[in-house]
Structures are given as C-alpha cells and as structure tokens.
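Residue numbers (the working numbering): 1374 to 1728.
Here is the structure we will look at.
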Ligand code: NAD
Ligand code: GLY
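Printed below as a string of structure tokens:
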C-alpha cells in the first residue's frame, strides 16, 4: 500500500496528522480503516447519484461488516448543486440518523461531494471527523488533500467554507476506470500542473507514457501528486505564501471557465489554457527563462486532448475584467521561471490582458 503522511501545524499550534492511502481495491477495506479512527458508532456516507450506483454498496457493506451503523445521503451530481440547500439536506440526514460529535462522515465522490461533505463535517455540532474517498482524478490529486471545504453562493464559487482536514484519505485508482475520458483528462491538467510546479521527473514520466495511458503507473502518479500537494499544505496551510503556487494557471483559467458559461469548459481544461497563457506571459516579461517550456507544456497537454489557447468566442479582456471586478487591481500571479521553479509576483490586471 502507498502511504503519504500529512502533518500540519495549524494557527492554534494544534498538530493535524492524517494518512493518504493509495491502493487498488482499497475501498472494500473502508470499514477496517475507519474502525481505527472512529470514536463513536455511526457513519454517514455522502455521495452523489452517479457514484452511489457504482461504489456506495461496497463502502457501506465494508463499514457494516465492522458493525458501524451506516446510512447514505445521495446528492444530485454536479457543481450546480454545491450550495447551501444541499448542505441543509446533509444536515437533515445527519439529524435523522442521529450522528453525534463522535461519529463520522464519509465523502465518497468527486470534488463537489468532497467539498460539501467536508463543509458539513466542519459545521455539524461545531465540527466532526470525516474521511475522503475521492473518485475523480481531480479529487484524488487536489481537492481531497489540503483541508479546503466549501460551497458556492450566487455571488461566487467557494465563497463560503472552512479549513477542515480529513482524518483519512482513501484512494482507490480502480474507481477512476469508470470516469468518462474527458473527466479523466481534465484531472490530468492538475497532475501536469503539480509536475510543472515541483517535479521534473514526474513530468518526464508522464511524457514517456502519454501515448499509452495504460502504461502509466497510476498508483505512483496519485501518490506522488498527493506528496507534492501535501508538502505545500504542510508549510502553508492557510495560503499565505507557498500554497499560492497551486493557483498556477488559475487566474486566466478561472476567467475563461466563467466566460465560457456553465459546464462548457471543464475546470482542468480551463486550467490548461491558463497554464499556457501564464508561460507565454512569463516569457514576454522575461521571468520564464526556459524557452522550451512553452512547447513542452503545449505538447503534453495536447496528448491528453486538453485545450492550449483561449477559445475564439471568448474575449479575454472582458472575461478577466468581469471575473476580477471586485478584487484589487493588483493580483498575485504565478509564473514559472523553469520547471519546478514557481515564482509569485504582484501584477496589474491590465498588464496581464494587454500582453
Ligand atoms: P465532480 O465532483 O462534479 O465530479 C465530476 C463528475 O464525475 C460528476 O458527475 C460525478 O458524479 C462523476 N463521477 C465522480 N466519480 C466518478 C467515477 N469514479 N466514475 C464515473 N463518474 C464519476 O467534479 P470534480 O472535478 O471531481 O470536482 C470539482 C470540484 O472540486 C469543484 O467544485 C471545485 O471547486 C472543487 N475543488 C476543490 C478543491 C479543494 O481544495 N477543496 C480543489 C480543487 C477543486
Ligand atoms: N486547489 C488549490 C489549493 O488547495 O490550495
């Protein structure tokens, strides 16, 4: 079994310590693993309608085998449901099934389920334990690691939330086999982001195997990505400095994703466009020194059918201005000097879009 240990000293100097376990088929061991950390007797599995049909029975049976009283809350899938009404629905399930402060929530699904189940756990009885079982590539390498939880409100994405770390993360790469190809490729954008930011060897490994995904050792890729993200979260849990690196590609990516309209571009696709833009902008400003980086990045993203330029129907200037209308004129922008050398600089929004 692959194991990544996460150790965070939070603001109050409390040590947050949890394991990320990566193994094929591990979801059928959920019961044994949860039993070791459960202080009470009950678990609520929070999942969505698509994931429930695929994996909820395996997880529930495994928990019940260990005599954990288990109930399931099935949410409608999709970002549109990541809101306060859904949280209220989770609270009703928690109340109806009598979960106490000693009991546990199991988040089974992609980042939407993870963020909502995590937020419900952060707030139910002022905070109970939760376990992440991510089932999308994005959730495995990004959203399940690092303790950010939250929901959207009509004024913006992820505006309401809490830092609340899981007690355990259980990653079963077999669950990724049922992911639609486009969803998998979108997750690869975040994998490539981590490699560009921190690990040339990982980038080389992906490059060497991207003609045939089945050669890629996914358990190694998942473990390495979790390690890379965990090391950043450990030194900067509340995103004061180094955690900002993880926003590489997200400034332009976020604007383009919003401007394209709901569901048109997947998050990873928008981030891919944003990463290419950030490298081009870095080269123009003389910050990105490695001139091969642009072509190398475009090539690897294209191998996963990810877009590498802003769609023609999107006016980038309008998109960025609209997206940033409530923030300062100057924003933290993540550049890459070269592979594994990220650099954050404050830049003027006008400067980015006039390039
Ligand atoms: P998602 O959770 O909406 O999942 C995408 C789709 O895949 C859904 O329809 C889901 O039902 C389906 N699905 C999930 N697992 C599947 C499987 N194994 N087989 C088949 N279908 C499956 O989307 P996502 O990309 O996982 O997550 C996006 C969310 O993550 C966003 O809300 C974003 O804000 C959040 N996020 C959070 C963090 C964080 O640090 N907390 C980081 C990045 C993203
Ligand atoms: N997804 C970026 C972060 O967790 O900080």
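For glycine and all other residues, C-beta sits at the position ideal for the given N, C-alpha and C.
*asked:* I need the straight-line Cα distance from residue 1525 to residue 1558, nearest angstrom please.
replied: If you number the chain shown from 1, residue 1525 lands on position 152. If you number the chain shown from 1, residue 1558 lands on position 185. One C-alpha to the other measures close to 24 Å.
*Check the DSSP bridge columns for residue 1505 and list the partner residues they point to.*
For the purposes of this step, residue 1505 is identified with residue 132 of the chain shown, where counting begins at 1. Per the DSSP secondary-structure output, residue 1505 pairs in a beta bridge with 1480, 1542.
*Any heavy atom of the ligand GLY closer than 7 Å to the Cβ of residue 1604?*
If you number the chain shown from 1, residue 1604 lands on position 231. No, the Cβ of residue 1604 stays beyond 7 Å of every heavy atom of the ligand GLY.
*Would you check if the distance between the CB atom of residue 1449 and the CB atom of residue 1421 is smaller than 8 Å?*
Counting from 1 along the chain shown, the entry for residue 1449 is found at position 76. Counting from 1 along the chain shown, the entry for residue 1421 is found at position 48. One thing to note: residue 1449 has its Cβ within 8 Å of the Cβ of residue 1421.
_I'd like to confirm the pairing. Which residues does DSSP put opposite residue 1417 in its beta bridges?_
Reading the chain shown from its first residue, position 44 is the one you call residue 1417. Partner(s): 1444, 1478.
*What is the C-beta distance between residue 1516 and residue 1395, in whole angstroms, given that I count them as a contact (C-beta under 8 Å)?*
Within the chain shown, residue 1516 is the residue found at index 143, counting from 1. Within the chain shown, residue 1395 is the residue found at index 22, counting from 1. Wrong, their Cβ atoms sit about 16 Å apart, outside the cutoff.
_Cβ neighbours of residue 1616 in the same chain (closer than 6 Å, five flanking residues each side left out)_ = Position 243 of the chain shown, counting from 1, holds the residue named residue 1616. Taking residue 1616 as the centre and dropping the five residues before and after it, the same chain places the C-beta of 1605, 1609 closer than 6 Å to its C-beta, in chain order.
*Nearest residue (CA-CA) to residue 1466, options 1497, 1455, 1436, 1481*: Along the chain shown, one-based indexing puts residue 1466 at 93. Nearest to residue 1466 by alpha-carbon distance, out of 1497, 1455, 1436, 1481, is 1497.
*Limits of the beta strand (DSSP E) - the one that residue 1660 falls within*: In the chain shown, counting from the first residue as 1, residue 1660 sits at position 287. For residue 1660, no beta strand (DSSP E) encloses it, and the DSSP letter there is neither H nor E.
_My output table needs one value for residue 1436: the three-state DSSP class, helix, strand or coil._
For the purposes of this step, residue 1436 is taken as residue 63 along the chain shown, with counting starting at 1. Looking at residue 1436 - three-state DSSP - the assignment turns out to be helix.
*Quick one: any contact between the stretch 1617-1636 and the stretch 1647-1655, if contact means 3 or more CB pairs under 8 Å?*
Judged by pairs of C-beta atoms under 8 Å, the stretch 1617-1636 touches the stretch 1647-1655, as three or more such pairs exist.
_My output table needs one value for residue 1593: the three-state DSSP class, helix, strand or coil._
Within the chain shown, residue 1593 is the residue found at index 220, counting from 1. In the three-state reduction of the DSSP assignment, residue 1593 falls in the helix class, which pools H, G and I.
*Tell me, please, which residues DSSP counts as bridged to residue 1391.*
Locating residue 1391 in the chain shown gives position 18, where the first residue counts as 1. Per DSSP, 1379.
_Under the three-state DSSP convention, the category residue 1428 falls into_ = For the purposes of this step, residue 1428 is taken as residue 55 along the chain shown, with counting starting at 1. Of the three classes helix, strand and coil, the one that applies to residue 1428 here is helix, per DSSP.
*Is the closest heavy atom of the ligand GLY to the C-beta of residue 1521 under 7 Å?*
Numbered from its first residue, the chain shown carries residue 1521 at position 148. For the ligand GLY, a non-hydrogen atom lies closer than 7 Å to the CB of residue 1521.
*Along the chain, where does the beta strand (DSSP E) that runs through residue 1665 open and close?*
Numbered from its first residue, the chain shown carries residue 1665 at position 292. Here residue 1665 belongs to no beta strand (DSSP E), and DSSP marks it neither H nor E.
*Residue span of the alpha helix (DSSP H) that contains residue 1403, given as start and end*: Your numbering for residue 1403 matches position 30 in the chain shown. It spans 1403-1408 - the alpha helix (DSSP H) in which residue 1403 sits, taken as one unbroken run.
*asked:* Distance check for residue 1714 and residue 1468, CA to CA, integer angstroms please.
replied: One-based indexing of the chain shown puts residue 1468 at position 95. One-based indexing of the chain shown puts residue 1714 at position 341. Taking the straight line joining both Cα atoms gives about 48 Å.
_Inter-residue CB distance, residue 1314 and residue 1428 (contact presumed, cutoff 8 Å)_ = Given a span of 1374 to 1728 for the chain in the structure shown, any question on residue 1314 remains unanswerable.
*8 Å CB neighbourhood of residue 1589 in its chain, flanking five on each side removed*: Here residue 1589 refers to the residue found at position 216 when the chain shown is read from its first residue. Correct list, in chain order: 1578, 1579, 1582, 1583.
*Entirely enclosed beta strand (DSSP E) segments - the stretch 1508-1532, minimum 3 residues*: Those beta strand (DSSP E) runs which fall completely within the stretch 1508-1532 and span 3+ residues are 1521-1526.
_Quick check: is any heavy atom of the ligand NAD less than 7 Å from the C-beta of residue 1545?_
Working through the chain shown from its first residue, we reach residue 1545 at position 172. Answer for residue 1545: no, Cβ out of range of the ligand NAD.
*In whole angstroms, what is the alpha-carbon distance linking residue 1502 and residue 1493?*
By one-based count along the chain shown, residue 1502 stands at place 129. By one-based count along the chain shown, residue 1493 stands at place 120. Going by the C-alpha atoms only, they are around 10 Å apart.
*Which whole runs of the alpha helix (DSSP H) in the stretch 1678-1728 are 4 residues long or more, in chain order?*
With a minimum length of 4 residues, the continuous alpha helix (DSSP H) runs that stay inside the stretch 1678-1728 are 1689-1696, 1722-1726.
*From residue 1552 to residue 1619, what does the alpha carbon distance come to, in whole angstroms?*
Translated into positions along the chain shown, residue 1552 becomes position 179. Translated into positions along the chain shown, residue 1619 becomes position 246. If I take the Cα positions, the gap works out to 24 Å.
*asked:* Can you confirm whether the stretch 1400-1416 touches the stretch 1632-1646 when touching is taken to mean that 3 or more C-beta pairs between the two stretches lie within less than 8 Å?
replied: Touching, no.
*Applying the criterion that 16 or more other CB atoms from any shown protein chain within 10 Å of the CB defines a buried residue, is residue 1398 buried or exposed?*
Translated into the one-based positions of the chain shown, residue 1398 becomes position 25. Classification of residue 1398: exposed, given that the 10 Å Cβ count is below 16.
*residue 1609: beta carbon under 7 Å from a heavy atom of the ligand GLY?*
As a first step, residue 1609 must be located in the chain shown, where it is residue number 236. Residue 1609: no, Cβ never under 7 Å from the ligand GLY.
_With a threshold of 7 Å (Cβ to nearest heavy atom), would residue 1616 be considered close to the ligand GLY?_
On the chain shown, position 243 is the one that residue 1616 refers to. Relative to the non-hydrogen atoms of the ligand GLY, the Cβ of residue 1616 comes within a distance shorter than 7 Å of at least one.
*Going by CA-CA distance only, name the one from 1439, 1376, 1424 that's closest to residue 1402.*
By one-based count along the chain shown, residue 1402 stands at place 29. Taking each of 1439, 1376, 1424 in turn and checking the Cα distance to residue 1402, the smallest one comes out for 1439.
*Tell me, please, whether the stretch 1559-1574 touches the stretch 1665-1680 by the rule of three or more beta-carbon pairs shorter than 8 Å.*
Because the criterion of three Cβ pairs below 8 Å is met, the stretch 1559-1574 and the stretch 1665-1680 touch.
*Check residue 1536 in the structure and name its three-state DSSP category.*
Here the question's residue 1536 lines up with position 163 in the chain shown. DSSP places residue 1536 in strand when its eight states are reduced to three.
*Does the beta-carbon of residue 1487 have 16 or more other beta-carbons within 10 angstroms, so that it is buried, or is it exposed?*
In the chain shown, counting from the first residue as 1, residue 1487 sits at position 114. Burial call: buried.
*Sorted by chain position, which residues of the same chain lie with C-beta nearer than 7 Å to residue 1519's C-beta, five sequence neighbours on each side aside?*
Along the chain shown, one-based indexing puts residue 1519 at 146. Within the same chain, and ignoring the five residues on either side of residue 1519 in sequence, the residues whose Cβ sits closer than 7 Å to its Cβ are 1602, 1606.
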